[in-house]
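In case it helps, numbering that gives the first Met the number 0 puts the sequence shown at residues 0 to 59. Worksheet: one structure, shown below.
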Amino acid sequence: MVEIQVSTEKCDACNTCIDTCPVEVYEIKDGKSVPARQGECLACKACEAQCPNGAIQVTE
Numbered sequence: 000m001v002e003i004q005v006s007t008e009k010c011d012a013c014n015t016c017i018d019t020c021p022v023e024v025y026e027i028k029d030g031k032s033v034p035a036r037q038g039e040c041l042a043c044k045a046c047e048a049q050c051p052n053g054a055i056q057v058t059e
């Protein structure tokens, strides 16, 4: 099972994770990115690599 953690302190809702994710896991809620469909995650870690703030951590 994949676990996605988004640091609310680092996230500035830049939409990079939304634009990068091939299966549309993320949504912006209350000005922060949230993994709304975590079960769909492929663990490709593209979001983790592309986040300019280092706010995302994907673990398997």
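The C-beta atom is built at its ideal place from N, Cα and C for all residues, glycine as well.
Sequence-distant residues of its chain with Cβ nearer than 6 Å to residue i (five each side left out)
{"i": "residue 37", "result": "3"}
For residue j and residue i, believed in contact at Cβ under 8 Å, the rounded distance
{"i": "residue 25", "j": "residue 13", "result": "No, residue 25 and residue 13 are not in contact; Cβ-Cβ is about 11 Å, not under 8 Å."}
Cβ shell of residue i (< 7 Å), same chain only, five flanking positions each side left out
{"i": "residue 6", "result": "54"}
{"i": "residue 11", "result": "52"}
Whether residue i touches residue j by CB criterion (8 Å)
{"i": "residue 22", "j": "residue 50", "result": "no"}
{"i": "residue 45", "j": "residue 19", "result": "yes"}
Sheet register partners of residue i (DSSP bridge)
{"i": "residue 33", "result": "26"}
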